[in-house]
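Working notes for the structure below.
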Amino acid sequence: MNHRELLYYCVEILDSYTNTFLSPEDHLSDYLETRGLKDVDATFVSEVFSGVLRYQNVALVVTKPFYNTQGKGVPFSHESLLKVLTYLALFRIDEIGMAHFRRFVRTQDFNIMYKFLNFFTNDANLRSWMKDEWCKLYDVTFVQTTLLSPITRWLPELRELVEELKKKVDARQGSSKKELPLTKVQEFNLTRPRPRSVPLPQPIPKLKKHKPVPKTVYEPPKEIGKLQEKRVENRRAAEGRLMDSSKKQFTCANPNKSVKTEKKLERIRMDADKKLKFDSYKAKPLPKEVMQSDVPIRLNAATIMREGKLFKEREQEIIKKLESLESGAHDPTKFLKWQNEMRQKDLEAELAAVERRRLEGMMSHEDAILARQKLIGDNQKKVEEMKQETKELMQRYLEDRLEEEQLMRSLVEMVLGGRENAKEAKKKLVQYKAKIVQEVNEESKELMRQALEEAEEEMKRKVELIHQIRAMEAAPISRNKLVDFTETAGYRFLNEMSIAELRERLSLLKEQQAEQEESKRTEILENKQAKDRMLMNTLTVISKHRAEETRTRAEQRANSKVRKESTKETLLRNDEKLTALQEKLEQKKAERLELQQKTKTKPSQSSIQHTKALMKEKTKLEERRWSELEKTKKRVSTLASEGVMPPAATSRLAATNGSRLAVQSRPFIMT
6 MNHRELLYYC
16 VEILDSYTNT
26 FLSPEDHLSD
36 YLETRGLKDV
46 DATFVSEVFS
56 GVLRYQNVAL
66 VVTKPFYNTQ
76 GKGVPFSHES
86 LLKVLTYLAL
96 FRIDEIGMAH
106 FRRFVRTQDF
116 NIMYKFLNFF
126 TNDANLRSWM
136 KDEWCKLYDV
146 TFVQTTLLSP
156 ITRWLPELRE
166 LVEELKKKVD
176 ARQGSSKKEL
186 PLTKVQEFNL
196 TRPRPRSVPL
206 PQPIPKLKKH
216 KPVPKTVYEP
226 PKEIGKLQEK
236 RVENRRAAEG
246 RLMDSSKKQF
256 TCANPNKSVK
266 TEKKLERIRM
276 DADKKLKFDS
286 YKAKPLPKEV
296 MQSDVPIRLN
306 AATIMREGKL
316 FKEREQEIIK
326 KLESLESGAH
336 DPTKFLKWQN
346 EMRQKDLEAE
356 LAAVERRRLE
366 GMMSHEDAIL
376 ARQKLIGDNQ
386 KKVEEMKQET
396 KELMQRYLED
406 RLEEEQLMRS
416 LVEMVLGGRE
426 NAKEAKKKLV
436 QYKAKIVQEV
446 NEESKELMRQ
456 ALEEAEEEMK
466 RKVELIHQIR
476 AMEAAPISRN
486 KLVDFTETAG
496 YRFLNEMSIA
506 ELRERLSLLK
516 EQQAEQEESK
526 RTEILENKQA
536 KDRMLMNTLT
546 VISKHRAEET
556 RTRAEQRANS
566 KVRKESTKET
576 LLRNDEKLTA
586 LQEKLEQKKA
596 ERLELQQKTK
606 TKPSQSSIQH
616 TKALMKEKTK
626 LEERRWSELE
636 KTKKRVSTLA
646 SEGVMPPAAT
656 SRLAATNGSR
666 LAVQSRPFIM
676 T
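Residues 6 to 676 (this note's numbering) are what the sequence shown spells out, left to right.
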């Protein structure tokens, strides 16, 4: 069998396998039976089919980038063919030899083969990104020995094959171009038109004489040189500051807190511990201002009526209950007593559970504080190590930076030498352009003079026409018309009236409407007074009920508080688990305080001096602020007494001065 048929069968079995659900072995056996392939041909097709399936990812590394970059014009139906050639070139070229590989390539379209092999046999592609992609799939040794070493040995012969294909492509492109005869130009036999008259130029308005171009346009500004000198000075100053900062030790990563910060943190923890009141009521009490000053709560009509209805329903229920007791109903006092006893037992059990949870929570809080203190100690050690590493890295960075700076200076000197030659050429170009502008200005002046003379004549003619039109419009016209208010319009309608009659009827309607409004207003006022009387009666009933309810609730709250305190004391005395938890909690607290005293850090002398300096500056600023405030108030009072400024303006002036001084002093207060 020839090479074309063998390659066709290899591509066909790959294309047909993508559309089946069989295993590779079953599909291979079915295909060989249908095609009748035997012996050497069947062995070659089966080996190529299994090899392409096994190393499909290796072939995709070559085919996918080929379609994305240089595969324009190559149909995607040839992808299986390119995979087979990739497999033969990478894994089987030593076995089949270069002669058979050439025959396989020559059976296909040489244009496609040239594009693919030129891309695939590029040494730069094989040793760079293709090798990296194959190393992601397989081991480096496998890629080097199995994939790269065979094809690199055959690269000279493969490049010769690519050159042979290129000659064929160039020969086809050269033969496709046919030499066509050149087009000869012939003149049309047309009558020549008469020369057109030169059109008159449009009127150009008068323009002011332009100023000559200043000499500074053609000279470089002085600011550029000053800016360049300033840049050099700033650069040197920045390098000096960088060298000074690199010599000093870093102080920004100091994790130790000051004494003032430790005191604030301790105060915050104590406040948080005080807020943990597990025995307090869920409802928040009223503010002290409201309790002391008896501020009345304003109610609207809807709330008053709703609350009055509620209290009336309660009164009806109490009356029905008393009537039922009079008629011989059962008294539930024994049941209520038993119910209160059971509730007391449940309350005791609940209080014991709550106290246990509170103690367990405090113990976990103490454990967390101890763990955090240990973590802080470990972090301090890590910070010291990081400081040492950053110091070494900074030293290396400065050395590299100095080398780069020297290279940049040499480059800048080279660039400045080229700029001087460019400046001379630029000056010559500016002088040439100035000559051209001068010639154009002389021609445009002559044309402008002629156009302005014609525009003046046209303007005189238009002014005369405007004067004539205004004289015609100034003639007087009488437009007065007399009106009689007692006459009708004369259209002969049934309800036709004069203006005087209409005014009389409107006045009568207005009087009738005012009487109706007055009667409606009196009716609304009577309804409102009746409603107010009803609301006052309901308010008296509501106040009586509220007073009684507050008294009963206060008694119940006092009794329940005494009961809870007594039950809590008995629980603490009787429950052994709670006492054991309390003792364990005290031990944890003592351990935490001991560890805190050991790890307590003292502030450095520099930080103490810095804080003292800030406090002195703050006191000076406060004294200056208060002195300025006193001066402004004195000045405002003198202006108000003399009558120069009104009182509102003086108060506004004092407020603005005070706010300005407060803003000035705010940053120092924060520090």
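Backbone N, C-alpha and C define an ideal beta-carbon position, used for all residues, glycine too.
Same chain, Cβ closer than 7 angstroms to residue i, five either side skipped, listed in chain order
i, result
"residue 173", "115"
"residue 258", "With a pLDDT of 49 at residue 258, under the threshold of 50, the predicted position of this residue should be treated as unreliable, and no value is reported."
"residue 585", "none"
"residue 670", "Reliability of the predicted coordinates at residue 670 is poor, the pLDDT of 44 falling under 50, and the value obtained from them is presented with this limitation in mind. So the list reads 626, 627 and 630, once near-sequence residues are dropped."
"residue 148", "136, 139 and 140"
Nonlocal neighbours in the same chain, by C-beta distance under 6 angstroms from residue i, ignoring five residues either side
i, result
"residue 525", "none"
"residue 22", "32"
"residue 550", "316"
C-alpha distance - residue i paired with residue j, whole-angstrom precision
i, j, result
"residue 36", "residue 50", "10 angstroms"
"residue 209", "residue 446", "15 angstroms"
"residue 7", "residue 150", "31 angstroms"
"residue 628", "residue 366", "50 angstroms"
"residue 581", "residue 358", "13 angstroms"
"residue 78", "residue 72", "9 angstroms"
"residue 19", "residue 39", "15 angstroms"
"residue 370", "residue 277", "12 angstroms"
"residue 519", "residue 497", "34 angstroms"
"residue 118", "residue 12", "14 angstroms"
"residue 632", "residue 614", "27 angstroms"
"residue 76", "residue 160", "21 angstroms"
"residue 702", "residue 625", "Nothing in the structure corresponds to residue 702, since the chain is present only between 6 and 676."
"residue 622", "residue 616", "10 angstroms"
"residue 408", "residue 228", "31 angstroms"
"residue 9", "residue 112", "6 angstroms"
"residue 462", "residue 230", "56 angstroms"
"residue 595", "residue 552", "51 angstroms"
"residue 535", "residue 331", "39 angstroms"
"residue 437", "residue 429", "13 angstroms"
"residue 131", "residue 153", "8 angstroms"
"residue 2", "residue 245", "Nothing can be reported for residue 2, as the shown portion of the chain is limited to 6 through 676."
"residue 247", "residue 603", "39 angstroms"
"residue 507", "residue 523", "25 angstroms"
"residue 351", "residue 345", "10 angstroms"
"residue 226", "residue 232", "11 angstroms"
Near the ligand SAM: residue i beta-carbon under 7 angstroms from a heavy atom
i, result
"residue 49", "This structure lacks the ligand SAM, and indeed carries no ligand of any kind."
Distance between beta carbons of residue j and residue i, contact taken as under 8 angstroms
i, j, result
"residue 86", "residue 16", "5 angstroms"
"residue 540", "residue 307", "So it is not a contact: roughly 10 angstroms between Cβ atoms."
"residue 57", "residue 47", "Residue 57 to residue 47, Cβ: 16 angstroms. No contact."
"residue 324", "residue 543", "Not confirmed; about 18 angstroms, so no contact."
"residue 546", "residue 313", "6 angstroms"
"residue 142", "residue 239", "Contact flag wrong, Cβ pair sits at about 54 angstroms."
"residue 139", "residue 66", "6 angstroms"
"residue 378", "residue 601", "7 angstroms"
"residue 163", "residue 126", "5 angstroms"
"residue 456", "residue 206", "5 angstroms"
"residue 435", "residue 223", "5 angstroms"
"residue 88", "residue 74", "Contact flag wrong, Cβ pair sits at about 17 angstroms."
"residue 170", "residue 122", "7 angstroms"
"residue 593", "residue 368", "6 angstroms"
"residue 474", "residue 490", "Their Cβ separation, rounded to whole angstroms, is 41 angstroms, which puts residue 474 and residue 490 out of contact at 8 angstroms."
"residue 375", "residue 597", "6 angstroms"
Sequence-distant residues of its chain with Cβ nearer than 8 angstroms to residue i (five each side left out)
i, result
"residue 527", "none"
"residue 93", "53, 101, 106 and 109"
For a minimum of 4 consecutive residues, which ranges assigned as the alpha helix (DSSP H) are wholly contained in the stretch 107-188? The qualifying runs are 115-125, 136-142, 154-158 and 160-181.
Completely contained alpha helix (DSSP H) runs for the stretch 309-384, where each covers 4 or more residues: Listed in chain order, nothing qualifies, since the stretch 309-384 has no complete alpha helix (DSSP H) run of 4 or more residues.
What ranges does the beta strand (DSSP E) occupy inside the stretch 490-528, keeping only unbroken runs of at least 3 residues that lie completely in it? Correct list: empty.
Ignoring anything shorter than 4 residues or poking outside the stretch 39-66, list the alpha helix (DSSP H) runs there in chain order. Within the stretch 39-66, the complete alpha helix (DSSP H) runs of at least 4 residues are 44-59.
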